[in-house]
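As structure tokens, the structure follows; a few thoughts come after it.
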Amino acid sequence: INDLEGRSRRLNLRFVRIAEGEEKGQTTSFLGELIPQLLGRENFSKPVKVDRARQSLQPKPGVGEKPHTIIARMHYAWDKEYILKLYHQKAPVFYKGSRVFIYNDYTVDVLTQRPGKLFLQC
């Protein structure tokens with residue numbers, strides 16, 4: 011079952027620390043516009059195709075708490091890899107004064123097996 015879940019997540023990316031409500035109910039189109047803005051429009055010759063995006067399944071954060079993580083499923087695997095490559099080259103990236111983190115969407119089992127469990131805190 012863990013293998014199946016991992017395979018279903020292989021095109022997913024996690025966007026951490028984007029303020030609540032920035033997407034205005036249009037998370038998929040918002041991320042399609044945000045990714046080139048964060049990583050440089052000159053790096054994208056065509057629009058980034060995001061199949062679907064949603065906020066993580068957590069209770070709504072209160073004032074001063076960390077915002078929801080946004081999970082996006084990319085249409086093309088090469089877009090996902092290219093986004094991660096650009097992110098690591100340009101990090102840190104900021105959106106409206108807040109640092110944004112972009113990660114692979116790994117399962118909890120995979121994260122606990124990996125050294126440096128930084129991703130569990132997000």
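Here the working numbering runs 10 ahead of the position in the sequence shown, where the first position is 1.
In this text, a Cβ means the ideal position worked out from N, Cα and C, and glycines have one as well.
Predicted model, so just to flag it, every value in this text is computed and none were measured.
Report all residues from its chain with a CB closer than 6 Å to the CB of residue i; omit the five preceding and five following residues, and keep chain order.
i, result
"K172", "Residue 172 is absent from the structure shown; the chain starts at 11 and stops at 132."
"R24", "T79, I81, Y113 and D115"
"R19", "D115"
Going by DSSP, what residue range makes up the beta strand (DSSP E) through residue i?
i, result
"D61", "V60 to Q65"
"I81", "I80 to M84"
"N53", "Note, N53: premise wrong, no beta strand (DSSP E); not H, not E."
"L23", "N22 to V26"
"V110", "S108 to N114"
"V103", "V103 to Y105"
Looking only at its own chain, which residues have a Cβ that is under 8 Å from the Cβ of residue i, when we skip the five neighbours before and after it?
i, result
"P77", "R27, I28, A29, E30 and P71"
What first and last residue would you give for the alpha helix (DSSP H) that runs through residue i?
i, result
"L49", "T37 to L49"
"Y97", "A87 to K100"
Since I believe residue j is in contact with residue i (beta carbons under 8 Å), could you give me their beta-carbon distance rounded to a whole number of angstroms?
i, j, result
"I80", "A101", "Between A101 and I80 the Cβ distance is about 18 Å, and since that is not below 8 Å, they are no contact."
"N22", "D115", "3 Å"
"P46", "F54", "5 Å"
If you drop the 5 nearest sequence neighbours on each side, which residues of the same chain put their C-beta closer than 7 Å to that of residue i?
i, result
"Y97", "L49, V103 and I112"
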